[in-house]
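2 protein chains.
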Amino acid sequence: MRRTRRLIQEALVALILEKGYDAVTVTDVIDRADVGRSTFYAHFTDKQDVLFSNIEQLTFLHPAPAEGAGELFAFSRPMFEHVREQERLVRALMGRHSGGLVHARGERLLAAVVRSELVAAGGRESASLDLLVICVVGAFMGLLRAWVDGETTATPAELDAAFRAAVMPGVRAALPGTFSPVEGANSGGLRARPGSGPGRS
Amino acid sequence: MRRTRRLIQEALVALILEKGYDAVTVTDVIDRADVGRSTFYAHFTDKQDVLFSNIEQLTFLHPAPAEGAGELFAFSRPMFEHVREQERLVRALMGRHSGGLVHARGERLLAAVVRSELVAAGGRESASLDLLVICVVGAFMGLLRAWVDGETTATPAELDAAFRAAVMPGVRAALPGTFSPVEGANSGGLRARPGSGPGRS
DNA sequence: CCGATTCCGAACGAGGTGTTCATTTAGGAA
DNA sequence: TTCCTAAATGAACACCTCGTTCGGAATCGG
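As given, the protein sequences belong to chains A and B, one line each in that order.
Start counting the first sequence at 2; every next residue gets the next number (the working numbering).
Start counting the second sequence at 2; every next residue gets the next number (the working numbering).
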């Protein structure tokens, strides 16, 4: 049944939030979910399998309503907002106490988004672009981890602003055609959201 | 004896490179190191303890004075070089298959370095500066992980260049008085410090 | 009422953990 | 050398977790 799967998933999430991923045992999970041991192994191969099955439900990683030629990195702000809504789950999955493989999976999903956005914005596919993608994703995930681990109390808006302030100048410089290459007048300060005009959509 | 400690540490590193951190058991280690089980627990509390004891030897994380008025983020290039020298150890410690806590530890060490550099360069201590530090460290560690995990074949020089290209513009924009060689025309334009920084209400 | 599917839970063997303890080994001082 | 002390040894230990197996109970559709 689907109910059993859900019970197991929820039990794992709850336990991770309480004890951390490593400390949670399968026995804990089946006890909390009130499920037979054999039932667990009938649905999942092991603890990690349950973890991965949860990632699909992280809607903030499967973005994002298109947002074609609009603002670059439009995903950032909605993502932080989404994360807040799904705080429990994200805390369990993306915190430092989760398995490293989950991080890798999340980073890969996000990297695909970032990469396609950069390409759509005129970035030429190259090794250096891939390195840029890694930096951008690293910065974003760094903020995300710090946030869900309680190392900062910033709001989603502030996190979004910090993210953009840190990476946008470098990204702009790496892209060819974007207006305002190095105008200098205001090189993208912390709150720089000039114009932001939706242009024509 | 110190020799015994070293044997255990080296055995763990070797085994991590072969099987990944999670798959290595204490029994494996003491077998490889050819030491008694009780001897292991006389020197370390558990597997993770051995891992942490190795971090201290990651010289690339304990940089690297020579700063002062020099170039910003002068640590980057030497770090990548150093990493190459200690490739085995870094691969074992910082790869995605290592424990997440080791990452956290490494990031904290690096964050301290980055933060002090930014402050020395004129950055005002604030919440937004901390967020910037997180982004910078995230970008650097992202590159590092991707590199040691074989996701990119770039050279240290290329990684250094990519790192600087990605984060330096954003960092420059966030610093007030940095001598701005070329784009310095504005110089003062960056007072973007909305209110009194992200202060969480 | 009857299958058929699903779930339960006890039990098992294999393997890992961390501790204890009696014994052996190695180093240094007299 | 001899003696003493600290370190290392390895066997045995109780305990836990894993993943599997299997007989029986519950649930559901017909």
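Every residue, glycine too, gets a C-beta built ideally from N, C-alpha and C.
Everything numeric in this text was worked out from a predicted model, so none of it was measured.
Under a three-way DSSP split, which group does residue i fall into?
i, result
"Gly151 (chain A)", "coil"
"Thr156 (chain B)", "coil"
"Arg125 (chain B)", "coil"
"Leu176 (chain B)", "coil"
"Thr40 (chain A)", "helix"
"Val114 (chain B)", "helix"
"Phe74 (chain A)", "coil"
"Met2 (chain B)", "coil"
"Gly189 (chain A)", "Any reading at Gly189 (chain A) must be qualified, since the residue scores a pLDDT of 36, below 50, and its modelled position is unreliable; the value itself is stated next. Reduced to three states, the DSSP call for Gly189 (chain A) is coil."
"Phe141 (chain B)", "helix"
"Phe45 (chain A)", "coil"
"Asp35 (chain B)", "coil"
For residue i and residue j, I'd like the C-alpha separation in whole angstroms.
i, j, result
"Asp161 (chain B)", "Ser127 (chain B)", "27 angstroms"
"Pro79 (chain A)", "Glu159 (chain A)", "12 angstroms"
"Glu19 (chain B)", "Leu8 (chain B)", "17 angstroms"
"Thr28 (chain B)", "Gly171 (chain B)", "48 angstroms"
"Lys48 (chain A)", "Arg3 (chain A)", "18 angstroms"
"Phe180 (chain A)", "Leu73 (chain A)", "Note that Phe180 (chain A) scores a pLDDT of 49, beneath 50, so its modelled location is shaky and nothing firm can be said."
"Arg1 (chain A)", "Val138 (chain A)", "For residue 1 (chain A) there is no data in the structure shown, the boundaries of chain A being 2 and 202."
"Val91 (chain B)", "Arg6 (chain A)", "39 angstroms"
"Pro141 (chain A)", "Gly37 (chain B)", "The sequence given here places Phe at residue 141 (chain A); Pro does not occur at that position. Cα-Cα distance, rounded: 45 angstroms."
"Asn187 (chain A)", "His44 (chain B)", "Model confidence at Asn187 (chain A) stands at a pLDDT of 39, short of 50, so the residue's coordinates are unreliable and nothing is read from them."
"Ser99 (chain B)", "Ser54 (chain A)", "22 angstroms"
"Glu11 (chain A)", "Val149 (chain A)", "18 angstroms"
"Ala113 (chain A)", "Arg89 (chain A)", "25 angstroms"
"Glu152 (chain B)", "Arg146 (chain A)", "22 angstroms"
"Ser197 (chain A)", "Arg173 (chain A)", "With a pLDDT of 38 at Ser197 (chain A), under the threshold of 50, the predicted position of this residue should be treated as unreliable, though the coordinate-derived value follows. If I take the Cα positions, the gap works out to 15 angstroms."
"Phe41 (chain A)", "Arg33 (chain A)", "12 angstroms"
"Gln87 (chain A)", "Ile17 (chain A)", "15 angstroms"
"Thr46 (chain A)", "Thr26 (chain A)", "13 angstroms"
"Gln58 (chain B)", "Ala75 (chain A)", "41 angstroms"
"Ser39 (chain A)", "Ala24 (chain B)", "24 angstroms"
Who are the near neighbours of residue i in its chain, counting only those whose CB is closer than 6 angstroms to its CB and skipping five residues on each side?
i, result
"Leu13 (chain A)", "Val30 and Val51"
"Leu176 (chain B)", "Ala122, Gly123 and Gly124"
Among the residues of its own chain, which have a CB less than 8 angstroms from the CB of residue i, if the five just before and after it don't count?
i, result
"Pro157 (chain A)", "Arg78, Phe81, Glu82, Val84 and Arg85"
"Asp35 (chain B)", "Leu8"
"Leu130 (chain B)", "Arg116, Leu119, Val120, Gly124 and Ala175"
"Gly101 (chain A)", "none"
"Cys136 (chain A)", "Val168 and Gly171"
Does the Cβ-Cβ distance between residue i and residue j come in under 8 angstroms?
i, j, result
"Ala15 (chain A)", "Leu132 (chain B)", "no"
"Val134 (chain B)", "Val103 (chain B)", "no"
"Ala167 (chain A)", "Val120 (chain B)", "no"
"Arg106 (chain A)", "Ala105 (chain B)", "no"
"Leu111 (chain A)", "Ile56 (chain A)", "no"
Where do the N-terminal and C-terminal ends of the alpha helix (DSSP H) with residue i fall, by residue?
i, result
"Ser99 (chain A)", "No alpha helix (DSSP H) contains Ser99 (chain A), which DSSP labels as neither H nor E."
"Phe81 (chain B)", "Ser77 to Glu86"
"Asp50 (chain A)", "Lys48 to Ile56"
"Ala24 (chain B)", "Note, Ala24 (chain B): premise wrong, no alpha helix (DSSP H); not H, not E."
Near residue i, which residues of its chain fall below 7 angstroms by C-beta distance, leaving aside the five closest residues on each side in sequence?
i, result
"Phe164 (chain A)", "Ser77, Ala140, Phe141 and Leu144"
"Glu68 (chain A)", "Its pLDDT being 49, under 50, Glu68 (chain A) is placed unreliably in this model, and the coordinates cannot settle the point."
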